[in-house]
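So for the sequence shown, the numbering used here puts the first residue at 2; every next one is plus one.
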Amino acid sequence: MLPACAYVPAGEHSWRSSELTRGPWHPDHQHAGPPIALAARQIERAAAALGLSHVARLTANLLRPIPIAELTVAVQTDYAGRNVAHFSAALTSGGKEVARFTALAQREAELALPDGLPGHPLPQAPRPPESSPPAKFPFGHTFTGYPDLVECRVAEGAFFRGPSAIWFRLRRPLIEGEAPSPIERVAVAADSGNGISAILDFERYLFVNSDLTVNLLRRPQGEWICIEARTLLGPASGGLAEARIYDATGLVGRSTPSLAVRRRE
């Protein structure tokens with residue numbers, strides 16, 4: 002029987018991780034999407050306490066593999082002004098810091114824009130979720146993990162075959178008893194950009210990201226998040242997976258993880 006959620010509260014700022022967070026690289030390690038979403042949740046709440054409702058940027062520095070274990074998130078307000086605030090956060094497990102975050106939050110206000118702006122209206126995803134066929138990750142068939150946490154549909158391309166656009170929706174809550182917020186939905190999906198657009202053989206190469214930056218121009222809406230990604234590789238074991246992020250109404254932002262590419266031993 003699958004767990005009911007990704008995380009169960011274990012204290013004021015701590016959570017127990019379930020098997021739904023397991024990633025493809027090691028059976029004891031989490032996919033980075035769920036813990037990044039967990040930190041985003043805490044940053045979003047710190048921003049809301051200041052009247053700032055839009056997390057415009059979230060950067061995750063993944064310092065170590067994140068174990069499927071109890072996690073603690075500590076958020077600090079680095080600067081708070083009238084309309085923007087900067088935050089940092091630390092994710093720890095077993096007394097070790099495993100990830101570090103920075104974020105920018107903004108105050109929202111209605112603003113009438115002139116007609117005819119270049120690049121506007123903002124682009125749409127290649128296909129809406131309701132007309133995109135279901136798909137499954139090419140890993141996770143033999144274990145419980147991240148592919149059981151998210152439902153996927155293909156808007157364009159195909160998994161692990163280069164540029165692609167994939168819709169994501171959480172099958173189960175991130176936190177027990179809570180409806181996921183928009184930034185949580187984005188964070189869970191955005192870390193998969195380097196996987197869905199992979200161009201190297203998963204059985205022969207590792208292409209792990211040790212960071213992720215998400216920039217959002219507005220708050221996403223609805224349950225579905227589309228990641229339209231492509232992988233770019235350099236000649237010295239480095240790479241980048243750049244992506245556009247959509248909701249059902251159009252473009253909401255971009256994400257970029259840096260890749261460290263190695264042959265499997």
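From the three backbone atoms N, C-alpha and C, an ideal C-beta is built for every residue, glycine too. Note that the structure is a prediction, hence the values are computed from the model and not measured.
The beta carbon of C6 sits closer than 6 Å to those of R173, P174 and E177, all from its chain and outside the five residues before and after it, given in chain order.
Within the same chain, V9, A11 and E71 come within 6 Å of R17 by CB-CB distance, once the 5 residues on both sides are set aside.
Cβ-Cβ separation between A91 and A57: approximately 21 Å, too far for a contact (criterion under 8 Å).
Per DSSP, the continuous beta strand (DSSP E) segment holding N62 begins and ends at H55 to L63. Of the residues assessed, R65 falls on the exposed side of the cut-off, its CB having fewer than 16 other CB atoms within 10 angstroms. In this structure, the alpha-carbon of G34 lies about 15 Å from that of W225.
Under a 10 Å Cβ-count criterion, S54 is classified as exposed, with fewer than 16 other Cβ atoms of the shown protein chains found around its own Cβ.
Note that the C-beta distance between L39 and D149 is not below 7 Å. A Cβ-Cβ distance of about 27 Å is found for the pair A110 and C227, leaving them out of contact under the 8 Å criterion. Note on geometry: alpha-carbon atoms of R186 and E152 lie some 12 Å from one another. I37 sits in a helix when the DSSP states are folded into three classes.
According to the DSSP assignment, D202 belongs to no alpha helix (DSSP H), since it is labelled neither H nor E. As summarised for the region 188-264, the continuous beta strand (DSSP E) elements at least 3 residues long and confined to that stretch are 206-210, 212-217, 226-234, 239-248, 251-257 and 259-264, given in chain order. Residue pairing for I184: DSSP places it in no beta bridge. Between the C-alpha atoms of V189 and P115 there is a straight-line separation of about 34 Å. Distance from the CA of R255 to the CA of L217, rounded to the nearest whole angstrom, comes to 7 Å.
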